[in-house]
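Below is one structure, written out as structure tokens, with a few remarks after it.
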């Protein structure tokens, strides 16, 4: 009973969180008055900069910022004590403009963005970088690859310059010299910061593209992308408010479903809030989103009970935080589905989500969980060295969930049949049976290998077909066996 | 020998005449000496007779002021010693403090020949040099760089210098051209600088502060 009550309270908290956020149908209007910007010195910058960096200056001149009187110094001003403060033409400025700087006016967006999966993108991969970027290739790839999407930890050197190993960078989870996390310009290209540009799917493509997260390709291959390509001029992308079903209905973009306003659902800059599943893990989990009093957030698998509002729990980084609200997986799904409902019927949405969930569960149970258990077994038996990527099977396992498995799950989530199947689950199956299992037998030897495979696959119904090697199918040209000649009986 | 009536008899004796001539010659010789002295003591060759200046020289040799495409080469004194015999001499008298510091460093420390010590003190040296450039309106830059002749490679470089440099002196924008990059005094952070130097020379954290305190 208390459990039920607690769940109800938690859900209520999440409801409040989701629904009573400022009912912004768009980036919240800045409520400050004009006295908060229009820095006196900032009016002078363009005199030089329209000569020295004309393109940049023109972009700003064409921006909503310029129209509202927000000038260079409003964003780039710094205190001499700031670690990254430099003197430029006699004035103290900082090169890096952090979410904290943007948040001086855009407070709502900052509060939402804080603690989001985007803001925490560096922490997501920090322990993987040594194995992937450093061992597999070299540290140069961290700056040019990983950190360009996930964000760098910007280092200011003792002479005030920014370390080129960490800058330039507009990765989404950039750890800034002022301690804030994120880079607004990751999506809102500087120096125009156009609403329309950020609402375009291309705002996401720089990172959500390629073998491990082909969201661009999936979107383009989906009906949603088809409509967008055909009806882009009806998208009303530059509109002040941008509520799905009200301000536009030609097609949804990435922003529409993951951040956009729809019906009573407010827009949010917490891009992961509506995602019920973790799709980029070896085994997907349904997740609670725990919001702490200080704005930090943490994803918790729903295999553990949702923490109660007001309790103090580990924030996932070793520090403890007080729980402000929890969005359960059901609430998160409900939020996402409410976007769908602007264009689709309720049964369609529910059943679409079932098709998606079934793919995730299939991947989990048939491939993700057994493959993970087999790998752990191989490590435990000392058949693999603990060092990642020095044995072929480690690549096979990694790509199974990180690339092909993620593609399959994303494909199902966003309705691209080809990514769910040919680019996704087909490859998962091919590599599980064609590479992974043979490599297990190779690593462990035929007898022990077979024992390991049996141990982990015996109870998984999806693998039962392996026990029927005599069954035929014409797909590879082998003719179907004639029906056994029954004595006097006719084949149906 | 008759003297003009107006010539004061009492003063112009033979000795006096000799003194005037001798003094004049000595004076001219002294001026010539000063010119030559100022000239010689403005060269890298002279400056680097102090060991610690070798570090500054290494940086200088990597800079555009040493290796310019046009073949024009600025020597130490072109930037750091004023033009004109009196000003140049005065700068050398002031600059003698560097010599005393070098000698004192050898006897009791700090030893500026040590690259770590040198790097730790570089910011103050840079701030002092910038103050001097500001005080004389970057006069030494203007010995070679003429505003009207600044065209630059980019189309608007000339316009920026014509329109936006008004009321500014060269060093306001152009610093860190030759020696180790040092931030502006206003935003300089000793703590961060010390940590950077420690990392650069592989020293334990705190070494810099101890060296500076010594």
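Residue numbers (this note's numbering), protein chains in the order written: chain A, 23 to 514; chain B, 4 to 217.
Even for Gly, the Cβ is constructed at its ideal location relative to N, Cα and C.
9 angstroms Cβ cut-off: residues of chain A touching residue i
i	result
residue 195 of chain B	105, 178, 179, 180, 181 and 182
Below-9 angstroms beta-carbon distance, residue i vs any chain B residue
i	result
residue 65 of chain A	no
residue 48 of chain A	No answer about residue 48 of chain A holds up, because its pLDDT of 48 lies below 50 and its placement is not dependable.
residue 114 of chain A	yes
residue 45 of chain A	Interpretation of residue 45 of chain A is limited by its pLDDT of 42, a score under 50 that renders its predicted location unreliable; the figure taken from the coordinates is listed afterwards. With 9 angstroms as the cut-off, residue 45 of chain A does not count as an interface residue toward chain B.
residue 187 of chain A	no
residue 141 of chain A	no
residue 161 of chain A	no
residue 252 of chain A	no
residue 393 of chain A	no
residue 76 of chain A	yes
Through-space distance from residue j to residue i, alpha-carbon basis
i	j	result
residue 494 of chain A	residue 395 of chain A	31 angstroms
residue 48 of chain B	residue 117 of chain A	40 angstroms
residue 201 of chain A	residue 302 of chain A	27 angstroms
residue 483 of chain A	residue 489 of chain A	11 angstroms
residue 323 of chain A	residue 126 of chain B	53 angstroms
residue 60 of chain B	residue 183 of chain B	11 angstroms
residue 202 of chain B	residue 358 of chain A	50 angstroms
residue 171 of chain A	residue 312 of chain A	25 angstroms
residue 119 of chain B	residue 212 of chain B	11 angstroms
residue 64 of chain B	residue 184 of chain A	25 angstroms
residue 219 of chain A	residue 298 of chain A	27 angstroms
residue 217 of chain B	residue 109 of chain A	31 angstroms
residue 407 of chain A	residue 450 of chain A	24 angstroms
residue 557 of chain A	residue 157 of chain B	This structure does not reach residue 557 of chain A, given that chain A is present from 23 up to 514, and the question cannot be answered.
residue 17 of chain B	residue 26 of chain B	14 angstroms
residue 164 of chain B	residue 72 of chain B	22 angstroms
residue 215 of chain A	residue 293 of chain A	18 angstroms
residue 161 of chain B	residue 159 of chain A	46 angstroms
residue 198 of chain A	residue 138 of chain A	16 angstroms
residue 95 of chain B	residue 146 of chain B	18 angstroms
residue 251 of chain A	residue 134 of chain A	30 angstroms
residue 60 of chain A	residue 209 of chain A	24 angstroms
9 angstroms Cβ cutoff, residue i in contact with chain A
i	result
residue 50 of chain B	no
residue 173 of chain B	no
residue 130 of chain B	no
residue 61 of chain B	no
residue 183 of chain B	yes
residue 79 of chain B	no
residue 206 of chain B	no
Contact set between residue i and chain B, taken where Cβ atoms lie within less than 7 angstroms
i	result
residue 89 of chain A	By Cβ distance, chain B contributes nothing, its closest Cβ being about 24 angstroms from residue 89 of chain A, past 7 angstroms.
residue 73 of chain A	159, 162 and 163
residue 120 of chain A	Within chain B, no residue comes near residue 120 of chain A; the closest Cβ sits about 17 angstroms away, beyond 7 angstroms.
Chain-ordered chain A contacts of residue i [CB-CB under 8 angstroms]
i	result
residue 200 of chain B	180
residue 186 of chain B	108, 109, 181 and 182
residue 229 of chain B	Examination of residue 229 of chain B is not possible in this model, given that chain B is present from 4 through 217 alone.
Interface residues of chain A facing residue i [CB-CB closer than 7 angstroms]
i	result
residue 190 of chain B	102, 107, 108, 109, 114 and 182
Near the ligand GDP: residue i beta-carbon under 8 angstroms from a heavy atom
i	result
residue 64 of chain A	With respect to the ligand GDP, the structure shown offers nothing to examine, as it has no ligands at all.
Residue i: contacting residues in chain B (beta-carbon distance under 9 angstroms)
i	result
residue 69 of chain A	163, 166 and 167
| message | List, from N- to C-terminal side, the alpha helix (DSSP H) runs of 4 residues or more that fit wholly inside the region 97 to 144 of chain B. | response | Segments of the alpha helix (DSSP H) lying fully in the region 97 to 144 of chain B: 118 to 138.
| Between the region 295 to 309 of chain A and the region 117 to 128 of chain A, are three or more C-beta pairs nearer than 8 angstroms? | They do not touch, by the three-pair rule.
| said: Would the region 38 to 58 of chain B count as touching the region 105 to 118 of chain B if we require 3 or more Cβ pairs under 8 angstroms? | reply: As far as the Cβ criterion goes, the region 38 to 58 of chain B touches the region 105 to 118 of chain B, which means the pair count is three or higher.
| said: With three or more beta-carbon pairs closer than 8 angstroms as the criterion, would you say the region 376 to 390 of chain A touches the region 328 to 344 of chain A? | reply: Too few Cβ pairs lie closer than 8 angstroms, so no.
| said: Does the region 406 to 425 of chain A come into contact with the region 444 to 458 of chain A, if we say contact requires no fewer than three beta-carbon pairs (one atom in each stretch) closer than 8 angstroms? | reply: As far as the Cβ criterion goes, the region 406 to 425 of chain A touches the region 444 to 458 of chain A, which means the pair count is three or higher.
| request: Take every Cβ of the region 230 to 244 of chain A, pair it with every Cβ of the region 432 to 447 of chain A, and state whether three or more of those distances are shorter than 8 angstroms. | output: Touching, yes, given that three or more Cβ pairs across the two stretches are closer than 8 angstroms.
| Contained alpha helix (DSSP H) runs [length at least 4] in the region 139 to 213 of chain B, N- to C-terminal order | Segments of the alpha helix (DSSP H) lying fully in the region 139 to 213 of chain B: 173 to 176 and 193 to 204.
| query | With a cut-off of 8 angstroms, do at least 3 Cβ pairs link the region 88 to 98 of chain A to the region 58 to 74 of chain A? | reply | Under the 8 angstroms Cβ criterion, the region 88 to 98 of chain A counts as touching the region 58 to 74 of chain A, having at least three qualifying pairs.
| query | Would the region 160 to 177 of chain A and the region 185 to 197 of chain A be scored as touching if the rule is three or more Cβ pairs under 8 angstroms? | reply | Yes: at least three Cβ pairs fall under 8 angstroms.
| query | Does the pairing of the region 36 to 46 of chain B with the region 86 to 93 of chain B give three or more beta-carbon distances under 8 angstroms? | reply | These segments touch.
| request: Count the C-beta pairs between the region 190 to 201 of chain B and the region 100 to 109 of chain A that are closer than 8 angstroms, then say yes if the count reaches three, no if not. | output: The answer is yes - the region 100 to 109 of chain A touches the region 190 to 201 of chain B, with three or more Cβ pairs under 8 angstroms.
| said: Restricting to runs no shorter than 4 residues, where is the alpha helix (DSSP H) found entirely within the region 189 to 241 of chain A? | reply: Correct list: 217 to 221 and 224 to 227.
| Along the chain, which unbroken stretches of the beta strand (DSSP E) at least 3 residues long are found entirely within the region 305 to 341 of chain A? | For the beta strand (DSSP E) assignment, the uninterrupted runs of no fewer than 3 residues enclosed by the region 305 to 341 of chain A are, from N- to C-terminal side, 309 to 314, 319 to 323 and 334 to 336.
| Which residue spans inside the region 38 to 109 of chain B form an unbroken alpha helix (DSSP H) run of at least 4? | Runs found: 47 to 50, 56 to 64 and 79 to 83.
| query | Is the region 421 to 434 of chain A close to the region 337 to 357 of chain A, with three or more CB pairs under 8 angstroms? | reply | With the cut-off at 8 angstroms, the region 421 to 434 of chain A and the region 337 to 357 of chain A do not touch.
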